[in-house]
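S.K.:
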Amino acid sequence: MRATEIALKSVKSTLAKAWKPRPLESVQPQVAFGRHPELFTTQIILSDGSSFRVRSTAPRDQVKITKDTRSHPLWNPQTGLQIEDEGGYLSSFQKKFQG
Numbered sequence: 010m011r012a013t014e015i016a017l018k019s020v021k022s023t024l025a026k027a028w029k030p031r032p033l034e035s036v037q038p039q040v041a042f043g044r045h046p047e048l049f050t051t052q053i054i055l056s057d058g059s060s061f062r063v064r065s066t067a068p069r070d071q072v073k074i075t076k077d078t079r080s081h082p083l084w085n086p087q088t089g090l091q092i093e094d095e096g097g098y099l100s101s102f103q104k105k106f107q108g
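Going by the numbering used here, the sequence shown opens with residue 10, and the numbers climb by one from there.
1. How big is the Cα-Cα spacing for T78 and S56?
2. So, with DSSP's three-state summary, where would you put Q52?
3. With S65 and F49 assumed to form a contact (beta carbons below 8 Å), what rounded beta-carbon distance in angstroms separates them?
4. Out of T51, P46, L83 and H81, state which residue places its alpha-carbon closest to the alpha-carbon of D70.
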């Protein structure tokens with residue numbers, strides 16, 4: 010334990026001698042940002058082809074949505090509940106718990 014303390018003291022004194030503060034010119038000034046993020050105009054394209062523009066923080070020109078309130082079966086129960094198995098997760102679940 011004593012040998013460790015002596016070794017640490019020698020390392021600390023060596024670092025203290027080698028350390029030099031940076032001059033103030035090398036410190037870069039911080040950029041002051043506003044309170045709110047930058048907004049971009051984005052075109053939203055719905056599944057039926059209609060579109061509208063919104064202001065968003067995402068820097069994309071277009072966003073294409075495949076499922077929205079007009080095409081999703083949970084929002085439109087009169088169309089019948091037909092769940093699309095896009096990733097194959099539903100079919101693997103049914104196969105696993107089929108019985």
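All C-beta atoms in this analysis are idealised placements derived from N, C-alpha and C, irrespective of residue type, glycine included.
M.R.: Reading from the atomic positions:
1. Cα-Cα distance, rounded: 10 Å.
2. DSSP, read as helix, strand or coil, puts Q52 in strand.
3. Between F49 and S65 the Cβ distance is about 6 Å, and since that is below 8 Å, they are a contact.
4. Out of T51, P46, L83 and H81, T51 has the C-alpha closest to the C-alpha of D70.
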